[in-house]
Amino acid sequence: MAEIQVYKRTPAEQKLAQRRAKKSMRDQVMMFSLMIFLTLVSFSMVVAFEAGVAGFSKFFIIPMVMLFAAVQVGLQLYYFMHMSEKGHGIPQMFMYTGALLGFLIPLTFVTIVWW
14 MAEIQVYKRT
24 PAEQKLAQRR
34 AKKSMRDQVM
44 MFSLMIFLTL
54 VSFSMVVAFE
64 AGVAGFSKFF
74 IIPMVMLFAA
84 VQVGLQLYYF
94 MHMSEKGHGI
104 PQMFMYTGAL
114 LGFLIPLTFV
124 TIVWW
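So the sequence shown is numbered by the numbering used here: it starts at 14 and just counts up by one.
Listed below in structure tokens is the structure:
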């Protein structure tokens, strides 16, 4: 029976892996906190509008909520789908190309129909 060789990390490699894992976890928690904050700000803007607070119009709130949503989608793709790590070039290319086409095709049809 063939003997299976197990690769054992050196202490330096283990330390480096621990530092990378710690940084990755810190980044994940920070991005999660930022997304919760953006969600709360969006929710509070809508609640303030519905309550009739002066200074909030739907022409301000709708673009801001859409902007916050776009920021959250970008952060989720980049951090939670691990697009910030090396070796994800091809999936990134396909995702960004799909996002670009998903924006340009409706824009083209809207421009053709309305102008």
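We put the beta carbon where it would ideally sit given N, CA and C, even for glycine.
Closest residue to Met48 among Ala67, Ala82, Val60 (Cα-Cα distance): Looking up residue 48 in the sequence shown gives position 35. Answer by Cα proximity: Ala82.
Same chain only: Cβ atoms within 6 Å of Ala64, ignoring 5 sequence neighbours per side: As a first step, residue 64 must be located in the sequence shown, where it is residue number 51. Here Ala64 has no same chain residue with a Cβ atom under 6 Å from its own Cβ, once five neighbours each way along the sequence are excluded.
The stretch 32-50 touching the stretch 79-96, judged by at least three CB pairs closer than 8 Å: Contact check between the stretch 32-50 and the stretch 79-96: three or more CB pairs, one atom from each, fall below 8 Å, which counts as touching.
Ile49 (DSSP reduced to helix, strand or coil): Sequence index remark: in the sequence shown, residue 49 carries index 36 (1-based). Assigned with DSSP and collapsed to three states, Ile49 falls in helix.
Start-to-end residues for the alpha helix (DSSP H) that takes in Ala83: Stepping through the sequence shown from its first residue, residue 83 is reached at position 70. Where Ala83 is concerned, the enclosing alpha helix (DSSP H) stretches over 71-88.
The stretch 27-44 touching the stretch 91-106, judged by at least three CB pairs closer than 8 Å: With contact defined as three or more Cβ pairs closer than 8 Å, the stretch 27-44 and the stretch 91-106 are in contact.
8 Å contact criterion, which Val59 and Ile74 should meet: CB distance rounded: Working through the sequence shown from its first residue, we reach residue 59 at position 46. Working through the sequence shown from its first residue, we reach residue 74 at position 61. Val59 to Ile74, Cβ: 6 Å. Contact.
Given Met77 as reference, the closest of Leu53, Ile17, Met96 once Cα atoms are compared: Indexing the sequence shown from 1 puts residue 77 at position 64. Taking the Cα of Met77 as reference, the smallest distance to any Cα among Leu53, Ile17, Met96 is reached at Leu53.
Reduced DSSP category for Ala64 - H, G, I as helix; E, B as strand; rest coil: On the sequence shown, residue 64 is found 51 positions in, with the first residue counted as 1. For Ala64, the three-state secondary structure derived from DSSP is helix.
Straight-line gap, Gly111 to Met96 (C-alpha atoms, nearest Å): Here residue 111 refers to the residue found at position 98 of the sequence shown. Here residue 96 refers to the residue found at position 83 of the sequence shown. Their backbone Cα atoms lie some 15 Å apart in a straight line.
8 Å contact criterion, which Ala30 and Arg22 should meet: CB distance rounded: The sequence position of residue 30 within the sequence shown is 17, counting from 1. The sequence position of residue 22 within the sequence shown is 9, counting from 1. In this structure, Ala30 and Arg22 form a Cβ contact; the two beta carbons are roughly 7 Å apart against a cut-off of 8 Å.
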